[in-house]
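**Student:** Numbers given in the numbering used here equal positions in the sequence shown, counted from 1, plus 10.
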Amino acid sequence: MIIGVLTLTFRLHGNRSLKGKRQVAASLKQKLRNTFNVAVSEVARQDDPGTLVLAVVSVAPDSRTVQSRLDKALMHAQAATAEELADSAIELFSADDAGGADGAYGADDGDGPCGPGGDAGDRN
Numbered sequence: 011m012i013i014g015v016l017t018l019t020f021r022l023h024g025n026r027s028l029k030g031k032r033q034v035a036a037s038l039k040q041k042l043r044n045t046f047n048v049a050v051s052e053v054a055r056q057d058d059p060g061t062l063v064l065a066v067v068s069v070a071p072d073s074r075t076v077q078s079r080l081d082k083a084l085m086h087a088q089a090a091t092a093e094e095l096a097d098s099a100i101e102l103f104s105a106d107d108a109g110g111a112d113g114a115y116g117a118d119d120g121d122g123p124c125g126p127g128g129d130a131g132d133r134n
């Protein structure tokens, strides 16, 4: 399994408020989610009204699919807004590199913070 992260940094010229920034972010996030079935989140500089940093994440069985999807998302993001794209980067990760021996993330082995056999939803 391959996980791809596209980081987009936009300069919001003339924007002086966080409300204006949220409007730009919400519109762009929704367009990317609807078009490419990806996860999108603002990941840095949330208190800076002049800069918007978004991470777009995609998961697929092979790197070619992830790379293609994120390349298309990058082109779409550039076309979908009048804001200046100051920087972009794509990183690919293998789940086998980041996870346990079987590549699983957050698997409940029964010895976690919730005790034997518990999970995060079993709080008393």
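A virtual CB, placed ideally from N, CA and C, is assigned to each residue, including glycine.
Quick caveat, the model's predicted, so the values are computed rather than measured.
Looking at the unbroken beta strand (DSSP E) that takes in residue 14, where does it start and where does it end?
**Tutor:** Residues 12-21.
**Student:** Compute the distance between the beta-carbons of residue 97 and residue 17, then report whether it is under 9 Å.
**Tutor:** Contact flag set, yes.
**Student:** Under three-state DSSP, which class holds residue 51?
**Tutor:** Residue 51: strand per DSSP, three-state reduction.
**Student:** Quick one: is residue 14 buried, meaning 16 or more other Cβ sit within 10 Å of its Cβ, or exposed?
**Tutor:** Counting Cβ neighbours within 10 Å, residue 14 comes out buried, since at least 16 surround it.
**Student:** Do residue 22 and residue 87 have their C-beta atoms closer together than 9 Å?
**Tutor:** No, the pair does not count as a contact, with Cβ atoms beyond the cut-off.
**Student:** For a cutoff of 9 Å on Cβ pairs, would you count residue 24 as touching chain C?
**Tutor:** Absence of chain C from the displayed structure is noted, only one protein chain being present.
**Student:** With residue 8 as the anchor, note down where its beta strand (DSSP E) starts and where it stops.
**Tutor:** The shown model of the chain, from 11 to 134, leaves out residue 8, and the question about it has no answer.
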